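Each residue of the sequence shown is one higher than the one before, counting from 1 in UniProt numbering. For every residue, glycine included, the Cβ atom is placed at its ideal position computed from N, Cα and C. Remember, predicted model here, so these are calculated numbers, not experimental data. Report on the following structure.
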Amino acid sequence: MLLPLRGYIDLTLDGQAATVSYGDCVVILSGCYHEFRAREDFRFLVIDVNELPSPLLELEHPILALDEATHQYLSFIEKQLEQDISGELEENMLSLLFELLARQCSSSKMDMRIKNSIQYLHQDIAKSHSIEELAKVACLSATQFKHLFNKEVQLSPLKYLTKLRMEKARTLLINTDMPIGRIAEEVGFSNPSSFTRSFSGHFGLPPKAYRVHE
């Protein structure tokens, strides 16, 4: 598995040419003929394992565009690998990465109308999205949309949005020195106190304590 971290790389997989960059994941199965040529200032992560999660083995296309949560987690992995880390931590990071990738692959099988609404949410998680707005994107009534979204995602639309916001906030807390008030704004909270309550409810610690703990 190849994960670009910086720059571009020209790939050939079983005779098919492609160019990939940061934000892509290339799944190269055993026996697949491949070659690549890196462009200047290119960095990448290669994960060579004997077994991959089944959703990754069932991909129709070997190049997967990472969703926001996985994209941000990859940034975290890159920073951790710059340090001297234990084998146990490396194994745990890899396990979580596979879990995120498998979850993303599974979501690709969901109803296209719900998938479209999720992609719309990912475009701007700081925006105040309404059920009516999301239902319109999905070409459904508000009632139909809420029912189908819950069925496909196992969360309500607004709870899913909150989850996205908290995952991004967590990444910013761990990987940046950004002030907590600014992080709150980045994930759609105009009131820092409201952000702190939501973050504490999601992770069990307020943002400041979570940053120190991590």
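| Buried versus exposed call for residue 46 [16 or more other C-beta atoms within 10 Å across all chains shown] | Exposed: under 16 other Cβ atoms inside 10 Å.
| query | Hey, residue 2 and residue 26: beta-carbon distance below 8 Å or not? | reply | It is a contact, given that the beta carbons lie within the stated cut-off.
| message | Please tell me whether residue 164 and residue 125 are closer than 8 Å, where the distance is taken between their beta carbons. | response | Yes, Cβ-Cβ distance for residue 164 and residue 125 is below 8 Å.
| query | Count the other CB atoms within 10 Å of the CB of residue 187; is the residue buried (16 or more) or exposed (fewer)? | reply | Around the beta-carbon of residue 187, 16 or more other beta-carbon atoms lie within 10 Å, marking it buried.
| request: Quick one: give me the first and last residue of the alpha helix (DSSP H) that residue 70 is part of. | output: Per DSSP, the unbroken alpha helix (DSSP H) holding residue 70 starts and ends at 68-81.
| Between the segment 114-124 and the segment 138-154, are three or more C-beta pairs nearer than 8 Å? | Yes, they touch.
| task | Taking only heavy atoms of the ligand GDP into account, decide whether any of them is closer than 7 Å to the Cβ of residue 195. | result | With respect to small molecules bound, the structure shown includes none, and the ligand GDP cannot be examined in it.
| field | Opening and closing residue of the alpha helix (DSSP H) in which residue 20 lies | value | Segment 16-21 is the beta strand (DSSP E) holding residue 20; no alpha helix (DSSP H) there.
| message | For the structure I just gave you, are there three or more beta carbon pairs, one from the segment 168-183 and one from the segment 191-202, closer than 8 Å? | response | With a cut-off of 8 Å, the segment 191-202 and the segment 168-183 count as touching, because enough Cβ pairs lie within range.
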